[in-house]
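**Student:** This is the structure I have questions about; it appears just below.
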Amino acid sequence: MENSKKSIWTKVFIIGSGIAFLGSSLLGLGSMISESIDRPAPTENAAQSQSAQLQAEEKGFATVLAREPNNQTALRGLVEIRMRRGDIPGTKAALEQLIKLDPTNVQYQEFLAAVNKQIADTKKMGTLKPTEPKQPTQPSK
């Protein structure tokens, strides 16, 4: 008899624990979903703020270079920022300064070659003229 009472209490405990576990899981899942719904999606403001941040960083590197024109760390930072902004001519100018300061650095030379290739490819693509679409001819009646 006592064995059956223990068995019943064990089953009640297991079922109660399972219900408590499921309830807390569902509560956590519900709060996570509601937070994701309430959170606004990234908008153009995020892109604008990133662009503003890149401009500020570029200005900071330029300020350092105005004081210390041979600062390789600032030049490397300027190269990185200009690449991220898509300023290929500016990147090339900063790379050329780096190569003047450290002409034995193979990485700088390889990167400059890649930038020059990208500039050449862009110019080559710019010289291609798009073809005009032909108007369909009207069948004569």
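First residue of the sequence shown: 1113, per our numbering; consecutive thereafter.
Glycine included, every Cβ here is placed at the ideal spot set by N, Cα and C.
Taking residue 1202 as part of the alpha helix (DSSP H), name the residues at either end of that continuous run.
**Tutor:** 1200-1213
**Student:** What are the boundary residues of the alpha helix (DSSP H) that residue 1192 is part of?
**Tutor:** Start and end: 1184-1197.
**Student:** Checking 8 Å against the spacing of the C-beta atoms, do residue 1211 and residue 1220 come in under that value?
**Tutor:** Yes, the Cβ-Cβ distance between residue 1211 and residue 1220 is below 8 Å.
**Student:** Helix, strand or coil for residue 1217 per DSSP?
**Tutor:** coil
**Student:** Note down the Cα distance separating residue 1176 from residue 1184, rounded to an integer number of angstroms.
**Tutor:** So the alpha carbons of these two residues sit roughly 10 Å apart.
**Student:** How long is the line joining the alpha carbons of residue 1121 and residue 1138, rounded to whole angstroms?
**Tutor:** 26 Å
**Student:** Should residue 1188 and residue 1166 be called a contact, given that it needs their Cβ atoms to be closer than 8 Å?
**Tutor:** No. Outside cutoff.
**Student:** Mind checking whether residue 1193 and residue 1169 have CB atoms under 8 Å apart?
**Tutor:** yes
**Student:** CA-CA distance, residue 1200 and residue 1224?
**Tutor:** Residue 1200 and residue 1224 have their C-alpha atoms roughly 10 Å apart.
**Student:** Taking the Cβ atom as the reference point for each residue, do residue 1173 and residue 1186 lie within a distance shorter than 8 Å?
**Tutor:** For residue 1173 and residue 1186, yes; Cβs fall inside 8 Å.
**Student:** Within 10 Å of its beta-carbon, does residue 1190 have 16 or more other beta-carbons around it, so buried, or fewer, so exposed?
**Tutor:** buried
**Student:** Apart from the five residues just before and just after residue 1213, which ones in its own chain have a Cβ nearer than 8 Å to its Cβ?
**Tutor:** Taken in chain order, the residues that qualify are 1182, 1184 and 1187.
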